[in-house]
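First the structure, in the form of C-alpha cells, and then the observations on it.
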Amino acid sequence: MPELPEVEVIARGLDATLKGRTIVSAEVPGLTRLSEPANTLVPKAVGRTIRRAYRRAKVLLIELDDRSTLVFHLKMTGRVVHGERRAADRHDRILFNLDDGSQLIFSDMRKFGYVRAFTPEELAEWDFLKRAGPEPLETAPEELAGRIRDRRSAVKALLLNQSVVAGVGNIYADESLFRAGLHPETRGDRIGQAKAVELFAHLQDVLKLAISENGSSISDYVNASGDAGAFQNSFNVYGKKGCCCVRCESRLQAVKVAGRTSTFCPKCQKKR
DNA sequence: CCAAGCACCTGACGGC
DNA sequence: TGCCGTCAGGTGCTTG
C-alpha cells in the first residue's frame, strides 16, 4: 500500500518515539506466516535497543544497538503502528513489547508484506536494495531525466520501475504525470530532456507535499500513531476516472499501463 | 536484455 | 440477502 511518502511519514514518526526503547519480548500470533520464521526473528530482536528508524525506497528500516536492522516491506496493506499495548487482532503478524509498556505492531491484512532481521553485512548484500534506483528527493531532476531518456518503455512503467527511481507507486506516478502534462503511455525516449526534467521536478513537489500532508490514505494506510493521511484530498487524477479535470474540466480516462490503472486527462496529457 | 502477465491474499463494492 | 465478478497502493517469478 504505502509508497515513498507514507513510508517516510511512518519512519519519521517511529524515529521520534522509538529511539532508545528496548524490545523486551515479541508475540507472533498463531498461523501468522512471516518471511523469516519467528523462531529466528524474535531472538534477534528481543533485548535490543532501537537506535533509529529510517526509510529507503519503500522499505522501513529500524536499526538496533547491535547494528542489526529490522526491515519491513508493507506492500499493499501493511501497517506499522506504535501505541499502547493491546491484544493481537486478526491481521497482526508480529507485536514487539517495549520497555516503557508500549508496543510496536506490524499488521497486514493481505499478507503480502514482510519483516526480516539483517546483520549489517546481510543488509549491504540485500538484492532488493542493491537493485533500487536513486532516491527521487535526493537526486537532481536532470540526473533522473537522464535515466529515462533512452528507454522505450512507457513513462508510467518507468516511474513504477524501482530500479529507475525508488519509491514511486501508482498514486504519485499518475499525479506527477498529470502535473507535467504527460500521457502515461509516452515512451521515455520521446519525452525530451526539458520535459523529463519538468516531470521529475513535479514528482519531487508531489512527494514533498504528500509527506507534509501525512501521506495518502485510500483504505488502509495510517501513520506510526495510527492516524490517516490527508493528501488523498489533493489528488488531481488518481482514482478519479470519469470525473472532471481540474484544469480543463474534460472527463478523466483510465488505461492499463504496465498492468496498472493509469488515470489521466485526455486533453491535458497528450502522447508525444 | 526487456516487457507482459500472473501469482501471492483478503476485503470491499457493484450488478444481478 | 446472497452470490459472483472485479478491483485494490507492490513485487517477484515465469514466459515469450
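Counting in my numbering, the final residue of the first sequence is number 280, and the numbers go up one at a time with none missing. Quick reminder that beta carbons are idealized off the backbone N, C-alpha and C, glycines included.
Taking 6 angstroms as the limit between beta carbons, can you name the residues of its chain near residue i, skipping five residues before and five after?
| i | result |
| --- | --- |
| A140 | A65, Q170 and A174 |
| H81 | V67, G121 and Y122 |
| P10 | L82 and Y229 |
| L69 | Y62, T77 and V79 |
| V36 | A46 and I102 |
| L112 | H90 and F104 |
| E14 | G223 and Y229 |
| G177 | E11 |
| T7 | Only positions 9 to 280 of the chain appear in this structure, which leaves residue 7 out of reach. |
| H99 | S115 and M117 |
| G86 | D116 and G121 |
| E206 | A188 |
| V263 | S270 |
| C251 | L260 |
| D23 | R60 and A61 |
| V50 | A34 |
Counting only the same chain and skipping the five closest in sequence on each side, list residues whose C-beta sits under 7 angstroms from that of residue i.
| i | result |
| --- | --- |
| Q277 | L185, F186, G189, L190 and H191 |
| A266 | A162, K164, A165 and L168 |
| T48 | none |
| R159 | L166, G196 and D197 |
| L106 | R29, T30, I31, V32 and L112 |
| R268 | L168 and N178 |
| A181 | K164, L167 and L168 |
| A19 | A61, Y62, R63 and L68 |
Check the C-beta distance from residue i over to residue j and give it rounded, since I have them as a contact under 8 angstroms.
| i | j | result |
| --- | --- | --- |
| A53 | A34 | 6 angstroms |
| E183 | V163 | With 8 angstroms as the limit, E183 and V163 do not qualify as a contact, their Cβ atoms being about 13 angstroms apart. |
| I179 | S233 | About 21 angstroms; that fails the 8 angstroms criterion. |
| I226 | V17 | Incorrect: roughly 15 angstroms between the Cβ atoms, too far for contact. |
| G21 | N241 | About 20 angstroms; that fails the 8 angstroms criterion. |
| Q261 | F272 | 6 angstroms |
| G109 | R93 | 6 angstroms |
Just to confirm my understanding: we take residue i, look at its own chain, exclude 5 residues before and 5 after, and list those with CB closer than 8 angstroms. What are they?
| i | result |
| --- | --- |
| L137 | R64, A65, V67 and L131 |
| P144 | L12, L152, V173, A174, G175, V176, F208, L211, Q212 and L215 |
| K275 | C253, C256 and S258 |
| K203 | A188, L190 and R280 |
| L217 | F239 and S242 |
| K281 | Residue numbering for the chain in the displayed model covers 9 to 280; residue 281 lies beyond these limits and cannot be assessed. |
Which partner residues of residue i appear in the DSSP bridge assignment?
| i | result |
| --- | --- |
| V89 | I113 |
| D100 | S115 |
| F272 | Q261 |
| L82 | Looking at the DSSP assignment, L82 forms no beta bridge with any residue, so it has no partner. |
| L106 | I31 |
Quick check: is any heavy atom of the ligand PLP less than 6 angstroms from the C-beta of residue i?
| i | result |
| --- | --- |
| A266 | Questions concerning the ligand PLP fall outside what the structure shown contains, since it holds no ligand whatsoever. |
Inset, instruction - Would you mind listing the alpha helix (DSSP H) stretches within the stretch 231–269 that are 4+ residues and don't spill past its ends, in chain order? - result: For the stretch 231–269, not a single whole alpha helix (DSSP H) run of length 4 or above is found.
Legend entry - Within the stretch 189–224, ranges of the alpha helix (DSSP H) (whole runs, at least 4 residues): Annotation note: the stretch 189–224 contains the following uninterrupted alpha helix (DSSP H) runs of length 4 or greater, listed N- to C-terminal: 201–220.
Inset, instruction - May I ask you to verify whether the stretch 141–153 touches the stretch 113–129, counting CB pairs closer than 8 angstroms and requiring at least 3? - result: Segments in contact, no.
Inset, instruction - With a floor of 4 residues, list each alpha helix (DSSP H) that falls wholly inside the stretch 114–184, ordered by position along the chain. - result: Taking only runs of at least 4 residues, the alpha helix (DSSP H) segments lying wholly in the stretch 114–184 are 128–132, 135–139, 149–154 and 163–168.
Inset, instruction - Pick out the complete beta strand (DSSP E) segments inside the stretch 34–78, 3 residues or longer, and give them in chain order. - result: For the stretch 34–78, whole beta strand (DSSP E) runs of length 3 or above, ordered along the chain, are 58–64 and 67–72.
Legend entry - Touching by the beta-carbon criterion (3+ pairs, under 8 angstroms), the stretch 151–161 and the stretch 70–90: With the rule of 3 Cβ pairs closer than 8 angstroms, the stretch 151–161 does not count as touching the stretch 70–90.
Legend entry - Three-pair Cβ contact test at 8 angstroms for the stretch 23–32 versus the stretch 237–248: Touching, no.
Inset, instruction - Check whether the stretch 194–203 touches the stretch 249–261, taking contact to mean three or more Cβ pairs, one atom from each stretch, closer than 8 angstroms. - result: A contact is defined here as three or more CB-CB pairs under 8 angstroms, and the stretch 194–203 fails this definition with respect to the stretch 249–261.
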